[in-house]
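Please read the structure below before turning to the comments.
8 protein chains.
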Amino acid sequence: MDIRVYLAGEIHSNWRSEIVDACSSPHLPISFMSPVSDHALADGIGTDILGDETDAFWKDHKSAKINAIRIRTMIEKADVVVAKFGEDYRQWNTALDVGYAVAKGKPIVVLHPSSLGHPLKEVDAAAMAVAETPEQVVKILQHVAIKQDGIDS
Amino acid sequence: MDIRVYLAGEIHSNWRSEIVDACSSPHLPISFMSPVSDHALADGIGTDILGDETDAFWKDHKSAKINAIRIRTMIEKADVVVAKFGEDYRQWNTALDVGYAVAKGKPIVVLHPSSLGHPLKEVDAAAMAVAETPEQVVKILQHVAIKQDGIDS
Amino acid sequence: MDIRVYLAGEIHSNWRSEIVDACSSPHLPISFMSPVSDHALADGIGTDILGDETDAFWKDHKSAKINAIRIRTMIEKADVVVAKFGEDYRQWNTALDVGYAVAKGKPIVVLHPSSLGHPLKEVDAAAMAVAETPEQVVKILQHVAIKQDGIDS
Amino acid sequence: MDIRVYLAGEIHSNWRSEIVDACSSPHLPISFMSPVSDHALADGIGTDILGDETDAFWKDHKSAKINAIRIRTMIEKADVVVAKFGEDYRQWNTALDVGYAVAKGKPIVVLHPSSLGHPLKEVDAAAMAVAETPEQVVKILQHVAIKQDGIDS
Amino acid sequence: MDIRVYLAGEIHSNWRSEIVDACSSPHLPISFMSPVSDHALADGIGTDILGDETDAFWKDHKSAKINAIRIRTMIEKADVVVAKFGEDYRQWNTALDVGYAVAKGKPIVVLHPSSLGHPLKEVDAAAMAVAETPEQVVKILQHVAIKQDGIDS
Amino acid sequence: MDIRVYLAGEIHSNWRSEIVDACSSPHLPISFMSPVSDHALADGIGTDILGDETDAFWKDHKSAKINAIRIRTMIEKADVVVAKFGEDYRQWNTALDVGYAVAKGKPIVVLHPSSLGHPLKEVDAAAMAVAETPEQVVKILQHVAIKQDGIDS
Amino acid sequence: MDIRVYLAGEIHSNWRSEIVDACSSPHLPISFMSPVSDHALADGIGTDILGDETDAFWKDHKSAKINAIRIRTMIEKADVVVAKFGEDYRQWNTALDVGYAVAKGKPIVVLHPSSLGHPLKEVDAAAMAVAETPEQVVKILQHVAIKQDGIDS
Amino acid sequence: MDIRVYLAGEIHSNWRSEIVDACSSPHLPISFMSPVSDHALADGIGTDILGDETDAFWKDHKSAKINAIRIRTMIEKADVVVAKFGEDYRQWNTALDVGYAVAKGKPIVVLHPSSLGHPLKEVDAAAMAVAETPEQVVKILQHVAIKQDGIDS
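Residue numbers (numbering that gives the first Met the number 0), protein chains in the order written: chain H, 0 to 152; chain C, 0 to 152; chain A, 0 to 152; chain X, 0 to 152; chain Z, 0 to 152; chain F, 0 to 152; chain V, 0 to 152; chain W, 0 to 152.
Spelled out as structure tokens, the structure:
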């Protein structure tokens, strides 16, 4: 069984590559998908491609929708969604992704410092696991994806 | 056609009753649902009913899950979801509700001050309308629900 | 069994009230839903409620999305969708509604003059019946909804 | 992640091959599907295979249904649907395809000259992006499908 | 809990009214739906309403599709589908209805003489109960719908 | 909002009527559904109605399927499923009902003595709340269903 | 696009291999699935594997259910279902398969002699094409699956 | 057609490898998935990865949820679910898996000694086959997956 994982949320640290690298063992049939992590590129993609807007709302709107094509397609294809929340920024988009994924029946692993436990209680309650480090996420994905000799094929 | 509306989000102002009162005309077949808006009650409901916890995480967890029974049931029954975001608090639960509702195919009306446009761009991009005042939400709901003489029955 | 019918399409003739009036017999448990048929109201609803736009594209966009809240909610609630096409205007919105309704598993009755048969062949092929007059639509709805003595209850 | 794109609409220009050629880079895991673009073949396929009809309606009907087997199967398999509208012809079938794809949860990119903005406002409101040139569509698909080093696998 | 039952199949005997009459007790919240049981009316409805056809295939086609609007709508609304097969006629439409209902997750009660057990084995295998008399069907529906004092409300 | 609750599981104690009675306040719009709780009746219903079997397996099979018509229909109609496990009997049918309800997206409240926590850990992990007494279940249902003055309508 | 086709119905002629052979061109990405076509094997599979039954009903039941595992799994995986009806036998299982496939949104091609048009009118009305020969079915599948140079990839 | 089989239930005997080995013929396109069968590992995985708990309930909870990520993902990917029940332990998790799989439309093969027929009657009634030995399960899977010369491709 190949497991496809979508890595939602924070794009200001290298948590994604930590997880991807740790799962790159050939015995772990896991592949990863993620939003475009170049913040400036993602934020400006709408007007970069489709032409400028005078109103900031529509500039944001065009970019958010093009990014949403990628994000929703990836969530639909994912078997598991990992969502990272940090201390900075509002990150409403990450909570939006979690809500979307939950309604689509995708199991969620949330990754955040324990200090965010109270404001994230509804997100955590919708998740199958709440981790504090990328290493914990890696171990969870290994448990989900590992093939057992003579049993899985 | 009866329209059922779920009012998600902020419980620190009276925006819900403003909308409910304005839509109470007998010609408008709209009914409203909402989360339990008594903040202390909702936050403590888990341990109040099911017994105390030493760990704050599990206390929050039990409350969030009981509240989620109400919230998800109401979103499932809703025809339209209105979601209010304000300047204060993280409100990740509201973005979670929007994501859930979008994936269930529910049309969303978002209500927030224009100053929050950039951090809410993904939420707004998932919505059918973005309002700044409860009065605007009322007018949208009226347009959706109004019966026209000789045409609707 | 109550049958709910959504009347999609042309808002420049009185075809809807012809059908609604003819089905108003107490023995026919049929109710009707329709888009807002006041063309100027529907076209301007976005900026009327949510504020003006300098770009015509966004003006249209805001109105089309508010109208879509009504239209999609009604199609979801409908048991049968009747879609009227005429000689004038492009009416891409009506074909959009038919495609949406077909994918949701709703049976479609199309109403158009026979002269439009060739350009509407894909729409007709997606329908359960193709009528040329409102009277024919009425008879079809009667056949679908009629209660038979001693058999239906 | 492999992205499958269905190219709906106009068959009288070479817009499809422009997009397909521009996305043929080995780094872009995009594949394309399309309706049968030989107009005479598609229009006559019903009677060519299944025998002639005296009534033009049934001739059209048989062809439209065989073409629909292909079109609906491809939309079901697609991750993204691109729909092209031009100045000529009624193109109700393209709007039908868009409505069908929207209800199936497929993200839509619409491609049309800006002059068609008003009559296509409901179609555009159902889309994730509205482009005016095939080049813009190509850039959107690149943004959706691109693999990022060390992050996507 | 109100139980809605669709009575599919044979229209040449009075099995439907036997079941409906026996379930008319006020303590049994069961309502019944059925196809149009006037054979000539149902067979000719297409051309009666929409105009004659020279080819018998299209005459049958138009009638079958109008009847299907009624039948599919009723199966969608039904909680339970009862399907009657007899010795006469091919009754492929009844097996079609059963297949449709099974795929929609509706529980099926099949009613047929035991002599038809072998040719109906796939239909019976898709059912929750196989009855030989209308009285047995009545007892099954009573067991499904009965309210128990102090337990059901 | 009316809340429909299905009460699954143990039929050897009066836990159902305790919950139903406590929720009979006119301010609580809750209705209850349950399996047939007369054990002998439910166990023998298959052969009682449809004729005897020599093989105990088929006797059980016929009864279990008729009971399943009732149970699955009720779970489909339920907003919330309450499942009671006790010390006695294997109660695989109750765990089966929970699994079915979870996959249908129904929120689950499990009711069992704390001594059963370890063997029921997978069932509890699939639930939104784990109660030890009917009184706790009542309070949870009240929190889910209560109407708030001026907010819910 | 790979097209998977399920070949339902009659197992007493070689119509399946005629279609499979004609579609074996490397340019046609079509694969075929079918029920077990050895009639004696399929009819006896239940008791052959699971032990004998004294009652013919249960013997048939066990076989029909094991065959149904194969048939339903294949219909779920199919893009197109071809269903063959002939003059002999009741073939209720084939109509059952068609009903199941229609409800799952699969396009149907029916294959039968024109003499069966009237009794199969409801089946034909649920289909996208009605063929009389395997050659016609082959041509339809070719039209659905063919890749066009420079357009499909 | 590749058939994916999820092997649910008992982890205290080698029934899984018996089935996997017997199906390893290259002519049988069957692959197998299973829960983590190392009992101590699966039971402790939650606290091993995410940190200890003082309350046994939460320790079990964290493990059960991580295991559920694997189990539900595998059931979603499975074409057929085989569920083994034995004389020992409560095995509520296995019945939970069966209920979940049934609601997802997966065909079930149950494997248990005949002595468990009565308490498992509801589980058996939800299944497509009830086997007593792994050899019988192997034969069923062979019947489902076998490719027939000249017919399947």
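From the three backbone atoms N, C-alpha and C, an ideal C-beta is built for every residue, glycine too.
On a predicted model such as this, the values are computed, not experimentally measured, just so you know.
If you measure between the beta carbons of residue i and residue j, is that distance less than 8 Å?
i: H/Pro112; j: H/Met127; result: no
i: V/His60; j: Z/Ala124; result: yes
i: V/Pro118; j: Z/Trp91; result: yes
i: H/Ser30; j: X/Ile150; result: no
i: Z/Gln147; j: F/Ile48; result: no
i: H/Trp14; j: H/Lys120; result: no
i: V/Ile65; j: V/Gly43; result: no
i: F/His142; j: C/Arg69; result: yes
i: F/Ala55; j: W/Gly116; result: yes
i: C/Glu131; j: C/Lys103; result: no
Within 10 Å of its beta-carbon, does residue i have 16 or more other beta-carbons around it, so buried, or fewer, so exposed?
i: X/Ser114; result: exposed
i: H/Asp1; result: exposed
i: W/His176; result: Residue 176 of chain W cannot be examined here, being either before or after the span of chain W that is shown, 0 to 152.
i: Z/Ala144; result: buried
i: C/Ala63; result: buried
i: C/Asp37; result: exposed
i: H/Leu40; result: exposed
i: H/Asp87; result: exposed
Taking 8 Å as the limit between beta carbons, can you name the residues of its chain near residue i, skipping five residues before and five after?
i: F/Arg71; result: Tyr99
i: A/Ala77; result: Arg3, Val4, Tyr5, Met32, Ala100, Lys105
i: H/Asp51; result: Lys58
i: X/Met73; result: Tyr5, Met32, Ser33, Pro34
i: W/Ile139; result: Val108, Ala128, Ala130
Excluding the five sequence neighbours on either side, which residues of its own chain have a C-beta within less than 6 Å of the C-beta of residue i, listed in chain order?
i: Z/Ile18; result: Pro133, Val136, Val137
i: W/Asp96; result: Ala7
i: H/Gly85; result: Glu9
i: W/Val79; result: Val4, Pro106
Return the bridge partner residues of residue i from the DSSP annotation.
i: Z/Val79; result: Z/Val4
i: V/Val108; result: V/Val81, V/Ala128
Which residues in the same chain as residue i place their Cβ atom closer than 7 Å to its Cβ, once the five residues preceding and following it in sequence are excluded?
i: C/Val129; result: Val109, Asp123
i: X/Asp20; result: none
i: C/Arg16; result: Checking the sequence, you will find Ser at residue 16 of chain C rather than Arg. Cβ neighbours of C/Ser16 beyond the five flanking positions: none.
**Q.** the region 87 to 108 of chain C: positions lying closer than 7 Å to chain B by Cβ
**A.** Judged by its chain identifiers, the structure shown contains no chain B, and its protein chains are H, C, A, X, Z, F, V and W.
Q | Start-end ranges of the alpha helix (DSSP H) lying completely within the region 1 to 40 of chain C, minimum 4 residues | A | 14 to 21
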